[in-house]
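Comments concern the structure below.
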Amino acid sequence: MKKLLAIGFALLLFTWVFALNIVTTINPYYLIVKQIVGEKSDVSLLIKPGSDPHTFNPTISDVKALSKADLIVANGLGLDNAYLKNYRNVLFVGERIQAKYLVELGVGDGHDGKIFNRHVWLSIDCL
């Protein structure tokens, strides 16, 4: 939680100095980032509402938008890692949240033999 707040504060502070071009992968992150930066930066959404992020394949215009982005805000945790692996300016929000804040789904192949709900925006503790 503290890391996420620190990231949000750093993002807000940075946008006061520079107008950033920020691309978010999914709508929950778009809404959160838009609230943080307001009109100080241009925030765009890569995967439109109603589209399935689990089966998303970027188009040429999506790749252009990602290439022009100063910051890409994505979930990580396996959802969007494949098409973002070649970008350095990606903030994988889901990978920054400590496991204690994630909802445990049961025993699996994740960290310490556990798997967690990767829909981190559904947890008020994460946000």
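Residue numbering for the sequence shown follows the working numbering, starting at 472 and increasing by one per position. Positions of the beta carbon are idealized from the N, C-alpha and C atoms, including for glycine. All values reported here derive from a predicted model rather than from experimental measurement.
- Taking the Cβ atoms as the reference, V564 lies roughly 6 Å from N546, within the contact range of under 8 Å.
- Taken atom to atom, the span from the alpha-carbon of S522 to that of S515 is near 15 Å.
- With a threshold of 16 other beta carbon atoms within 10 Å, A540 meets it and is buried.
- In the structure shown, the three-state DSSP call for D533 is helix.
- By the neighbour-count criterion, in which a residue is buried when 16 or more other Cβ atoms sit within 10 angstroms of its Cβ, V508 is buried.
- Taking the Cα positions, V544 is about 11 Å away from Y558.
- Distance from the Cα of P499 is smallest, within the candidate group K519, N492 and K511, for K519.
- Annotated as proximal: V504 and T495, with beta-carbon spacing under 8 Å.
- At the C-beta level, N528 and D513 stay beyond 8 Å of one another.
- When DSSP states are grouped into helix, strand and coil, N528 belongs to the coil group.
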